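Heads up: the structure comes next, in structure tokens.
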Amino acid sequence: ARQVYEVTGLPCIASRTSFEIEPARRPETSGAPGARVPFINPRVASGYRFNDIGDHVDYIVEALKPQSDPTRVTRFTSCLCFYDGQMEIFDYGYCDCDIFFANSLRTYIPMSHAITEMCKTLQLSFGLEYQKWLKNKVQEAQNGLGEGSLKLRDRVLKEAKVLPNDIIDVSAFMDSKVDVNLMDDCARELAERFTDMNVKPTKILTVATTGLVIAIPMGKYLQVPVVYARKERNVVMSSTFQAAYSSKTVGKNRELLVSTSHLDEDDQILIVDDFLSSGASQDALLRIVDDSGAKAVGVGVLMEKVYDSGRQALSGYDIPVESLVRVKSVSEGIIRLLEEEGMEQT
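Under the UniProt record's numbering, think of the first position of the sequence shown as 1, with each following residue one higher.
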């Protein structure tokens with residue numbers, strides 16, 4: 001950055017991304033007298049560090065994978081430097097990844113982190129303000145970069161399964177078995193996204209029961225009540241708003257019901273759910289909000305099936321739609337995330 005400035009006289013931002021592989025942990029012995037420590041090839045056991053990213057990173061990762069514990073930690077570190085002749089600013093981004101999932105495309109994650117931090121630093125240092133259209137683009141570009149989304153992405157790749165009819169089974173960590181710490185991290189990130197947009201909901205509306213795993217911790221962070229729609233009427237629901245919908249998981253001709261006493265005309269409602277697929281259940285909730293006279297201010301979900309086009313189905317409501325993990329495809333039973341394709345946007 002300094003050299004470019006000296007040649008051109010223009011402010012410059014320069015970047016570099018490094019890659020590290022931690023040394024292999026020594027295998028445990030039985031503890032018996034005379035027990036021998038298993039031999040480890042020093043080339044496999046050694047730690048590695050590269051100061052730039054290229055084909056050599058993928059080569060060394062593929063060479064070490066068969067000989068390493070799948071959870072052996074790798075780290076991508078991106079550094080950005082700004083220099084304008086007077087001010088010198090450094091910002092960093094990091095991505096820790098098990099070697100089983102490591103490849104050079106992971107570079108986009110820490111680089112995006114570093115760019116986001118540099119933009120924030122320059123904005124504060126120079127009093128910069130984005131134009132409205134550009135602010136929306138920046139917000140879109142920052143999606144999926146927080147701690148919650150990174151952890152959720154990792155769990156999806158490790159533990160999620162593809163069932164018939166392209167259904168994604170996440171019962172190991174966010175359905176019939178819930179990792180509460182993971183959900184708390186995800187809720188914090190989703191809540192921050194809507195806070196950053198200057199959108200202040202007064203209530204969260206979700207669907208029982210799967211939507212509650214993210215809606216309840218989000219309610220804690222946003223400090224608002226959580227209202228959930230039932231799929232069947234119970235004895236205490238004398239008067240309800242209701243909307244029909246259908247989906248792959250629940251079938252056709254289903255109905256969502258919300259007690260009329262739970263939604264007020266002056267409410268600002270944030271729709272929260274676990275999945276965005278076809279958008280059918282979110283559309284039903286938005287119709288209920290409209291019937292109540294309240295205003296919908298956004299939709300937030302843990303996972304979005306991009307291939308089902310739910311985002312497009314909700315585009316007519318003209319409200320922000322936020323997701324932590326975007327699934328590009330599940331063809332041949334393999335889950336492919338959109339972020340793995342160079343952080344492309346749809």
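Even for Gly, the Cβ is constructed at its ideal location relative to N, Cα and C.
Bear in mind that the values here come from a model prediction, so they are computed numbers and not experimental data.
For residue j and residue i, believed in contact at Cβ under 8 Å, the rounded distance
i	j	result
residue 380	LYS177	The structure shown does not extend to residue 380, since the chain is modelled only from 1 to 346, so the question has no answer here.
ILE335	ALA294	No, ILE335 and ALA294 are not in contact; Cβ-Cβ is about 36 Å, not under 8 Å.
VAL306	ASP273	16 Å between Cβ atoms; not a contact.
ALA208	ALA229	7 Å
ARG254	LYS231	6 Å
THR202	VAL224	6 Å
ALA191	CYS81	That pair is no contact at about 32 Å.
GLU304	GLY298	With 8 Å as the limit, GLU304 and GLY298 do not qualify as a contact, their Cβ atoms being about 14 Å apart.
ASN51	ARG16	7 Å
ILE99	PRO70	7 Å
Residues near residue i in its chain [Cβ-Cβ closer than 7 Å; skip 5 each side]
i	result
LEU286	ILE271, ALA296 and TYR317
ALA313	SER278, GLY279 and ASP283
THR121	ILE89 and ASP91
LYS200	GLN268
Residue burial classification, residue i (beta-carbon count within 10 angstroms, cutoff 16)
i	result
SER68	buried
PRO217	buried
PRO23	exposed
ARG72	buried
MET183	buried
HIS113	buried
THR210	buried
GLU147	exposed
MET118	buried
CYS186	buried
ASP308	buried
VAL180	exposed
GLU341	Because the pLDDT at GLU341 is just 42, under 50, the model does not fix this residue reliably, and the value given afterwards should be weighed accordingly. Answer is exposed; the Cβ neighbour count stays below 16.
GLY9	exposed
PHE19	buried
GLY144	Because the pLDDT at GLY144 is just 49, under 50, the model does not fix this residue reliably, and the value given afterwards should be weighed accordingly. The residue in question, GLY144, is buried, as its Cβ has 16 or more Cβ neighbours within 10 Å.
SER149	buried
ARG43	exposed
ARG2	exposed
LEU338	buried
GLU332	exposed
LEU64	buried
First through last residue of the alpha helix (DSSP H) which encompasses residue i
i	result
GLN86	First-last for GLN86: undefined, no H or E at that position.
LYS231	Careful: LYS231 lies outside any alpha helix (DSSP H) and carries neither H nor E.
MET174	Neither: MET174 is in no alpha helix (DSSP H) and is coded neither H nor E.
LYS151	147-159
MET303	Element bounds for MET303: not the alpha helix (DSSP H) but the beta strand (DSSP E), 295-305.
ILE288	280-292
TYR317	From DSSP, TYR317 is part of no alpha helix (DSSP H); its letter is neither H nor E.
ILE115	108-126
Opening and closing residue of the beta strand (DSSP E) in which residue i lies
i	result
SER323	321-329
CYS245	At residue 245 the sequence reads Tyr, which differs from the Cys that was named. 240-247 is the extent of the beta strand (DSSP E) around TYR245.
residue 347	A query on residue 347 cannot be resolved here, the shown segment of the chain reaching from 1 to 346 and no further.
VAL101	Sequence check: residue 101 is Phe here, not Val. Unbroken run through PHE101: none, as it is neither H nor E.
THR209	First-last for THR209: undefined, no H or E at that position.
SER18	12-21
6 Å CB neighbourhood of residue i in its chain, flanking five on each side removed
i	result
ASP166	VAL330
MET174	VAL213
ALA172	GLU159
LEU222	ALA191
SER125	none
Residues of its chain near residue i, where Cβ-Cβ distance is below 8 Å and the 5 sequence neighbours each way are ignored
i	result
ASP58	ASN103 and SER104
LEU257	ALA229, ARG230, LYS231, GLU232, ARG233, MET237, THR240, PHE241 and GLN242
MET111	SER15, THR17, SER78 and GLY93
Closer than 6 Å: residue i CB and nearest the ligand GDP heavy atom
i	result
SER259	In the structure shown, the ligand GDP is absent, as is every other ligand, since no ligand is present at all.
Any chain B beta carbon closer than 7 Å to residue i
i	result
LEU128	You won't find chain B in this structure, because it holds only one protein chain.
Taking one C-beta from the stretch 104-117 and one from the stretch 62-79 each time, how about it: are there three or more such pairs within less than 8 Å? Yes: at least three Cβ pairs fall under 8 Å.
For the stretch 146-157 and the stretch 322-330, state whether three or more C-beta atom pairs, one from each stretch, are separated by less than 8 Å. Yes, since at least three Cβ pairs between the stretch 146-157 and the stretch 322-330 fall closer than 8 Å, the two stretches touch.
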